[in-house]
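A.B. asks:
Protein chains in written order, with our numbering: chain G, 1 to 212; chain V, 1001 to 1132.
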């Protein structure tokens, strides 16, 4: 600080021209969204670790069922479609939010929630089927890492649906106030991020898993 | 010192007005473009794997991974509205840092564990000296 003031006084003339420090602290305009983005990035690291675990253990079948035997691509294709559709319907909800049209927005949010619930239902049915044929998480290292990775993603989607319901209640009570819009944008990032992680899951786990 | 107080005061005033604008301007065109691209980038790898894929499964795996990487970029741009300007570049900085960590975690784990596996071949494991 003393250095700066010496420099400024030595300059004489206009102090603005000779300020060698940033006059004001930098504050992002939407600190919440940036903070939420940082959270998403740390969540991304969790998934990176689980992907790494699956990458290491994904071929260790321990004499049990292989990925090609137990993973059903048609189910995954339907699941992927549901999640991608829910991403675009959330996008439509954001567009209605920008126009301050509450009722169409709530409809799109409800559609998004239903698509997400459909995704979770199919995934739980897949898990139940695997466990019923003796391919539960305790069977082999492949199945342990598979259930951990896919289950963690499913848990995130379930939390997203819960958050969506809470937000819909908040919007119906308080309307489209600025705070609710901010929350909706955070959930938007969360929801699209989960779809992004699912791209990694269906490519790395399912599509590459069934390859010989 | 007085200059600093003045400037921070000025900044406080500038910051006082509310920010109803969330800084993100989503457009229907953007979402639809992202959706169509994502759908195409999903259908091709599914079709490729379900129809048998290439002769070498490693080629198919690489193609599937390449499509996934492109689709992740599409999701980033069209759904998460990422660009170098958002939040004064801090979004992009956090993203780049995360990508570096993810690449180190993934490639490092797979590389190290692959070599550990190669060095733990059954022949060595059956050596009586290695048995517990």
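C-beta: ideal position from N, C-alpha, C; glycine also.
For clarity, every value in this text was computed on a predicted model and none was experimentally measured.
Leaving aside the five residues before and after residue 214 of chain G along the sequence, list all residues of the same chain whose C-beta is less than 7 Å from its C-beta, in chain order.
C.D. replies: The shown model of chain G, from 1 to 212, leaves out residue 214 of chain G, and the question about it has no answer.
A.B. asks: Which residues in chain G sit within 8 Å of residue 1065 of chain V, going by Cβ to Cβ distance?
C.D. replies: Numbered from 1 along the second chain, position 65 holds the residue referred to as residue 1065 of chain V. By Cβ distance, chain G contributes 203, 204 and 208.
A.B. asks: Distance cutoff 8 Å, beta carbons only. Does residue 1075 of chain V sit that close to anything in chain G?
C.D. replies: On the second chain, position 75 is the one that residue 1075 of chain V refers to. Taking Cβ atoms only, chain G reaches closer than 8 Å to residue 1075 of chain V, which makes this a yes.
A.B. asks: Based on Cα-Cα distance, which residue from G:55, G:211 and G:37 lies nearest to residue 1097 of chain V?
C.D. replies: Along the second chain, one-based indexing puts residue 1097 of chain V at 97. Minimum Cα distance to residue 1097 of chain V is reached at G:37.
A.B. asks: I'd like the span of the alpha helix (DSSP H) that includes residue 126 of chain G, first residue to last.
C.D. replies: Along the first chain, one-based indexing puts residue 126 of chain G at 126. Residues 102–132.
A.B. asks: Do you know offhand how far residue 168 of chain G's Cα is from residue 108 of chain G's?
C.D. replies: Mapped onto the first chain, residue 168 of chain G falls at position 168. Mapped onto the first chain, residue 108 of chain G falls at position 108. Their Cα atoms are separated by approximately 11 Å.
A.B. asks: So residue 1118 of chain V packs on residue 56 of chain G, CB below 8 Å; how close in whole Å?
C.D. replies: Sequence index remark: in the second chain, residue 1118 of chain V carries index 118 (1-based). Sequence index remark: in the first chain, residue 56 of chain G carries index 56 (1-based). Actually they do not touch by this definition, with Cβ atoms about 13 Å apart.
A.B. asks: Counting only C-beta atoms, is residue 88 of chain G closer than 8 Å to chain V at any point?
C.D. replies: For the purposes of this step, residue 88 of chain G is identified with residue 88 of the first chain, where counting begins at 1. Yes, contact with chain V.
A.B. asks: Out of G:180, G:161, G:50 and G:211, state which residue places its alpha-carbon closest to the alpha-carbon of residue 150 of chain G.
C.D. replies: The count along the first chain starts at 1 and reaches residue 150 of chain G at position 150. The shortest C-alpha separation from residue 150 of chain G is found at G:50.
A.B. asks: Is residue 58 of chain G helix, strand or coil when you go by DSSP?
C.D. replies: Stepping through the first chain from its first residue, residue 58 of chain G is reached at position 58. Three-state result, residue 58 of chain G: coil.
A.B. asks: Cutting at 8 Å between CB atoms, please list the residues of its own chain near residue 180 of chain G, excluding the five before and the five after it.
C.D. replies: Position 180 of the first chain, counted from the start, is the residue given in the question as residue 180 of chain G. Counting only Cβ-Cβ distances below 8 Å, and skipping sequence neighbours, we find 167, 170, 171 and 174.
A.B. asks: Which chain G residues are close to residue 1120 of chain V, counting only those with a beta carbon under 8 Å from its beta carbon?
C.D. replies: Mapped onto the second chain, residue 1120 of chain V falls at position 120. Per Cβ cutoff of 8 Å: no residues; residue 1120 of chain V is ~12 Å from chain G at best.
A.B. asks: Which of the residues in the stretch 1082–1100 of chain V, read from start to end, lie with their CB under 8 Å from any CB of chain G?
C.D. replies: Residues 1087, 1088, 1090, 1091, 1094, 1095, 1097 and 1098.
A.B. asks: Specify the secondary structure class of residue 1080 of chain V as computed by DSSP and reduced to three states.
C.D. replies: In the second chain, counting from the first residue as 1, residue 1080 of chain V sits at position 80. Residue state, collapsed to three classes: coil.
A.B. asks: Between which residues of its own chain and residue 1082 of chain V is the CB-CB distance below 6 Å, once the five residues before and five after are set aside?
C.D. replies: Numbered from its first residue, the second chain carries residue 1082 of chain V at position 82. Closer than 6 Å at the Cβ level, and outside the excluded window around residue 1082 of chain V, lie 1076.
A.B. asks: Measure the C-alpha to C-alpha separation of residue 41 of chain G and residue 197 of chain G and round it to an integer number of angstroms.
C.D. replies: By one-based count along the first chain, residue 41 of chain G stands at place 41. By one-based count along the first chain, residue 197 of chain G stands at place 197. Roughly 11 Å between the two C-alpha positions.
A.B. asks: On the CB-based measure, 16 or more other CB atoms within 10 Å of its CB, does residue 139 of chain G come out buried or exposed?
C.D. replies: Taking the first chain and counting its residues from 1, one reaches residue 139 of chain G at position 139. Buried: at least 16 other Cβ atoms inside 10 Å.
A.B. asks: Tell me the residue span of the alpha helix (DSSP H) that contains residue 213 of chain G.
C.D. replies: For chain G, the structure presents residues 1 to 212; residue 213 of chain G sits outside this window and is missing.
A.B. asks: Note down, in chain order, every chain V residue with its Cβ under 7 Å from the Cβ of residue 100 of chain G.
C.D. replies: Here residue 100 of chain G refers to the residue found at position 100 of the first chain. Within chain V, no residue comes near residue 100 of chain G; the closest Cβ sits about 10 Å away, beyond 7 Å.
A.B. asks: To which residues of the same chain is residue 1049 of chain V closer than 7 Å at the C-beta, ignoring the five residues directly before and after it?
C.D. replies: Numbered from its first residue, the second chain carries residue 1049 of chain V at position 49. The answer, listed in chain order, is 1060 and 1064.
A.B. asks: Return the residues of the stretch 32–58 of chain G that lie within a Cβ-Cβ distance of less than 9 Å from chain V, sorted by chain order.
C.D. replies: Cβ contacts with chain V come from 33, 34, 37, 38, 40, 41, 42, 44, 45, 47, 48, 49, 51, 52, 53, 55, 56 and 57.
A.B. asks: Quick check on DSSP: helix, strand or coil for residue 138 of chain G?
C.D. replies: For the purposes of this step, residue 138 of chain G is identified with residue 138 of the first chain, where counting begins at 1. Residue 138 of chain G falls in the coil class under three-state DSSP.
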